[in-house]
Amino acid sequence: MINEDICYKICPNKEVSISEFTLEELSVLELVATKFKNHRSKEIVDYMHMEKAYKETQQYQIIPYTLAKRLRELK
123 MINEDICYKI CPNKEVSISE FTLEELSVLE LVATKFKNHR SKEIVDYMHM EKAYKETQQY
183 QIIPYTLAKR LRELK
């Protein structure tokens, strides 16, 4: 059995000033950082794989941003 993991590592191509983000974007970043601050990569991947957006996207396809509105609440 071959274990094929596909992932993307997104790296910024420049220094970004916090002033470039809206208050809403900063709020989302803080919420995500707080939710997952003590999680390992595998735990974050497992969490993501339980999302409808992941489950309803065919294998090897990019998950459309439009499905973000259907994500579970981070609590």
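Numbers given in my numbering equal positions in the sequence shown, counted from 1, plus 122. Don't be surprised by glycine CBs; every beta carbon is placed ideally from N, CA and C.
Between the alpha carbons of Leu196 and Ser149 lies a gap of roughly 12 Å. Here DSSP, grouped into helix, strand and coil, assigns His161 to coil. Boundaries for Ala190: no alpha helix (DSSP H) harbours it, and the DSSP string shows neither H nor E there. The Cβ atoms of Ile185 and Ala175 lie closer than 8 Å to each other. The three-state reading of DSSP puts Thr179 in coil, since its state is none of H, G, I, E or B.
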